[in-house]
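Counting from 0, one number per residue, gives the positions in the sequence shown under numbering that gives the first Met the number 0. Reviewing the structure listed below.
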Amino acid sequence: MSLPRCNGKTVLITGINGYIASRIGHDLLKKGYKIRGTSRSKPSTEALLNGAYKEFAGRVETISVPDMTVPGAFDEAVKGVTAIVHTASPLNYQLKTWDDFVTPAVNGNICVLTSALKHAGPQLEAFVMTSSLAATISHPNRKRYKSTEKDWNNWAESIAQSLGDKADHTILYPASKAAAEKALWKFRDQYNPDWSCIPVGSPGADYEEGYAWLSGGMSFCGDKARKILGREYVGFEQSVVDTARVFERMER
């Protein structure tokens with residue numbers, strides 16, 4: 000197929016080889032954007048560049064950022080971009096402590112935001128970060144409750160800190176998402192940047208043609224939930240598609 004006309008705008012996507020980031024990038028490329036993606040290493044993006052992004056080769060730039068918590072790590076990556084989509088965050092279930100799991104998520108946010116404030120330029124319109132429902136849903140044993148954007152998962156943060164090295168990913172992951180989003184709002188309130196700060200919650204993952212290399216770690220799907228619960232359930236097959244579309248619409 001012929002490529003869409005390039006609109007001259009570049010979007011930075013951190014963690015470009017992740018499942019949400021890769022889909023966001025693909026949707027933006029189809030809309031005529033150029034994308035600049037970061038990953039820990041260049042080889043980690045090869046499957047994506049040779050798969051879903053192959054036809055857009057001239058419009059994709061990748062940058063290696065081995066450690067996103069190092070001040071200045073994103074100084075070059077942010078220059079000249081219209082928007083920043085920050086999806087990179089620790090997701091290693093072998094990590095067992097607050098310092099290993101939560102602190103990098105918070106510091107990574109701060110590093111990207113600081114680079115954007117100092118080096119992106121006046122054309123920057125929005126900083127959009129991947130948050131999660133886990134940042135708002137609190138104690139798992141609470142009675143039926145409808146969570147809103149006003150809620151925080153303070154329970155997970157408190158428990159993760161109190162457990163020390165005995166915490167596991169079921170506590171550390173939601174704690175990291177809550178703490179990272181709080182860091183975004185604190186930064187916004189402190190520096191009042193000219194660009195918008197927007198968190199988007201993500202409930203799951205989707206894999207399709209061109210993304211098969213991502214699917215190894217995910218086995219849960221809506222079909223299984225339907226069998227177990229006996230009702231329709233919008234699960235991982237659709238959720239990241241919807242999330243990516245939310246991100247993409249914010250760039251219009």
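Every residue, glycine too, gets a C-beta built ideally from N, C-alpha and C. All figures in this text were calculated on a predicted structure; none of them were measured in a lab.
For residue i, count the other beta carbons within 10 Å of its own beta carbon; 16 or more makes it buried, fewer makes it exposed. Which is it?
| i | result |
| --- | --- |
| Trp97 | buried |
| Val10 | buried |
| Val239 | Annotation note: pLDDT 47 at Val239 (below 50); position unreliable, no value reported. |
| Pro103 | buried |
| Ala56 | exposed |
| Trp184 | exposed |
| Arg58 | buried |
| Leu2 | exposed |
| Pro42 | exposed |
| Ser40 | exposed |
| Ser131 | buried |
| Met217 | In this prediction, Met217 has a pLDDT of 43, which is less than 50 and means its spatial position is unreliable; nothing more can be read from the coordinates. |
| Gly17 | buried |
| Gly203 | Confidence is the limiting factor: at Gly203 the pLDDT is only 46, short of 50, which leaves the residue's position unreliable, though a coordinate-based value still follows. Gly203 is buried by the Cβ-count criterion. |
| Arg4 | exposed |
| Gly163 | exposed |
| Pro121 | exposed |
Mind checking whether residue i and residue j have CB atoms under 9 Å apart?
| i | j | result |
| --- | --- | --- |
| Thr129 | Thr169 | no |
| Ser88 | Gly36 | no |
| Ala178 | Val69 | no |
| Asp167 | Tyr92 | yes |
| Val64 | Phe73 | yes |
| Gly24 | Asn6 | no |
| Glu60 | Ile34 | yes |
| Val77 | Leu123 | yes |
| Lys95 | Lys8 | no |
Between the Cα of residue i and the Cα atoms of the options, which residue gives the shortest distance?
| i | options | result |
| --- | --- | --- |
| Ile109 | Glu180, Arg22, Lys78, Tyr18 | Glu180 |
| Ala159 | Glu148, Lys117, Asp150, Lys176 | Lys176 |
| Glu148 | Leu2, Ile136, Glu156 | Ile136 |
| Asn191 | Ala125, Ala72, Glu156, Thr68 | Ala125 |
| Gly71 | Gly7, Arg187, His118, Tyr18 | His118 |
| Gly79 | Ala133, Lys53, Ala115, Arg4 | Ala115 |
| Met67 | Arg22, Thr113, Val199 | Thr113 |
| Ala20 | Arg4, Ser38, Thr81 | Ser38 |
| Trp154 | Leu123, Asp164, Ala174, Arg4 | Ala174 |
| Gly200 | Ala182, Ala133, Thr44, Thr81 | Ala133 |
| Cys196 | Ala76, Gln122, Lys95, Ala82 | Ala82 |
| Trp151 | Ala182, Trp194, Gln189 | Ala182 |
Just checking my contact of residue i with residue j at CB under 8 Å: how many whole Å lie between their CB atoms?
| i | j | result |
| --- | --- | --- |
| Leu171 | Val101 | 6 Å |
| Glu75 | Ile62 | 7 Å |
From the DSSP output, read off the bridge partner residues of residue i.
| i | result |
| --- | --- |
| Pro121 | Note: Pro121 sits in no beta bridge, so no partner. |
| Phe126 | Ile83, Cys196 |
| Val10 | Ile34, Ala82 |
For chain B, find out if any of its Cβ atoms is closer than 9 Å to the Cβ of residue i; answer yes or no.
| i | result |
| --- | --- |
| Lys165 | Going by chain labels, chain B is absent from the structure shown, which holds only one protein chain. |
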